Every structure is written in structure tokens, then in C-alpha cells.
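Okay, so the sequence shown: first residue is 158 according to our numbering, each after it adds one.
Idealized CB from N, CA, C, for every residue including glycine.
Quantities reported herein were computed from a predicted structural model and do not represent experimental measurements.
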Amino acid sequence: MTTERSLVLVKPDGFGRGLTGEVLRRIEAKGYVLVALRITTPTAEMLAAHYAEHQGKPFYGELVDFMSSGPVTAIVIEGNQCIPGFRSLAGATDPTKALPGTIRGDLGRDWGMGSTENVVHGSDSPESAVREIAIWFPELAG
Ligand code: DAT
Ligand code: MG
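Below you can see the structure in the form of C-alpha cells.
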């Protein structure tokens, strides 16, 4: 069974620059299905859970400050292998190095915070996706 769901975020930089529609367009053009969508400014508790694996890293404080700086668009997508598929659409973490053709490569750049402002998040494994969807869409968990 390869049908799966992934949690995608259009981060505050992408939301603020009006890029939600472009990210949704690319997801839909790729063929993945939109399951749920919400605009929300994440709480400290949500971000601590979402980024638990990064707690203690040098960039953690800046990352959480950035992610709580404004609204994000949270999206659940669905489709066979959509977790690696969206990671491929998103491109490398560092928007300076992300290849043209990817979301981060085409729409992102270094605005003074290195890799922190990189337009989108996508779950990196089925286990992460289940955990993250429960944080952003508790009504879908289970
Ligand atoms: P990804 O978002 O590609 O899965 P990640 O999970 O390793 O990357 O890191 C989560 C976020 O943290 C990433 O989107 C941007 C930020 N980040 C990662 N590495 C960083 C670094 N070296 N400096 C600044 N921010 C970083
Ligand atoms: Mg990650």
C-alpha cells in the first residue's frame, strides 16, 4: 500500500509573499489531492511538537521565532508516495542551493537568515507525517 498523506506548510515567508496559491498549483499540477487546508499562526506548543527533533540545535530558536512570526497555510495532501514526491517538489533545504524547478529553488532565496526562510515544509517519512498531521489537524488523527 503506497497511498499516503503528507503534511505541507507554506511558511510565514511564503504566506506573506502571497505564494500559497503557487504552492497549491504545483501540488495539484503534480496530481496530489488536497485533503485539508487551514490558515493559522502556530502556537509555541505546536512548534515545539512539530520541530521536536531539532530542539537543541543552533538554529532552533531562530526557526521557532520565524515560524511563529505570522500565518502559515497548513495542507494535508494525499497520493501514492506523496511524501518523497513533495520533498522532490520542494527541493533542498537551503533555498540558495535548491535547484531551479523546485519550489525553494524558484521561489526562495537567502533574505538574511540562511536556510531558515525556505517557503515550505514537507513531512520526511510516514511516521513524521502521522505525527505532524495530528499537530496541525487533530480532527484527522486516528
Ligand atoms: P527540511 O525542512 O528540508 O526537512 P530540516 O528538517 O533539516 O529541513 O530542518 C527544518 C527547518 O529548519 C528547515 O526547513 C530550515 C531550518 N534549518 C535547517 N537547517 C538549518 C541551518 N543549518 N540553518 C538555519 N536553519 C536551518
Ligand atoms: Mg524536516
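Within 8 Å, strictly: CB atoms of residue i and residue j
| i | j | result |
| --- | --- | --- |
| Ile-232 | Ser-280 | no |
| Glu-210 | Thr-273 | no |
| Gly-271 | Ala-255 | no |
Nearest-angstrom beta carbon gap, residue j and residue i [assumed within contact, 8 Å]
| i | j | result |
| --- | --- | --- |
| Asn-237 | Thr-159 | 4 Å |
| His-297 | Ala-201 | It should be noted that the sequence gives Leu, not His, for residue 297. Actually they are not in contact, since the Cβ atoms of Leu-297 and Ala-201 sit about 22 Å apart, beyond 8 Å. |
| Phe-223 | Val-165 | No, Phe-223 and Val-165 are not in contact; Cβ-Cβ is about 17 Å, not under 8 Å. |
| Val-221 | Lys-168 | That pair is no contact at about 12 Å. |
| Gly-248 | Ile-260 | 6 Å |
| Gly-173 | Gly-227 | 6 Å |
Where the alpha helix (DSSP H) through residue i begins and ends
| i | result |
| --- | --- |
| Ala-206 | 201–207 |
| Thr-177 | 177–187 |
| Glu-161 | It is not in any alpha helix (DSSP H) - Glu-161 instead sits in the beta strand (DSSP E) that spans 160–167. |
| Gly-218 | 217–224 |
Closer than 7 Å: residue i CB and nearest the ligand DAT heavy atom
| i | result |
| --- | --- |
| Phe-216 | yes |
| Ser-272 | yes |
| Gly-275 | For the record, residue 275 in the displayed sequence is Asn; it is not Gly. Yes - the ligand DAT has a heavy atom lying nearer than 7 Å to the Cβ of Asn-275. |
Check: residue i C-beta below 7 Å from any heavy atom of the ligand MG
| i | result |
| --- | --- |
| Asp-251 | no |
| Asp-281 | yes |
DSSP three-state assignment for residue i, whether helix, strand or coil
| i | result |
| --- | --- |
| Thr-230 | strand |
| Gly-271 | coil |
| Gly-262 | helix |
| Gly-236 | strand |
| Arg-195 | strand |
Range of the contiguous beta strand (DSSP E) that encloses residue i
| i | result |
| --- | --- |
| Gly-279 | 277–279 |
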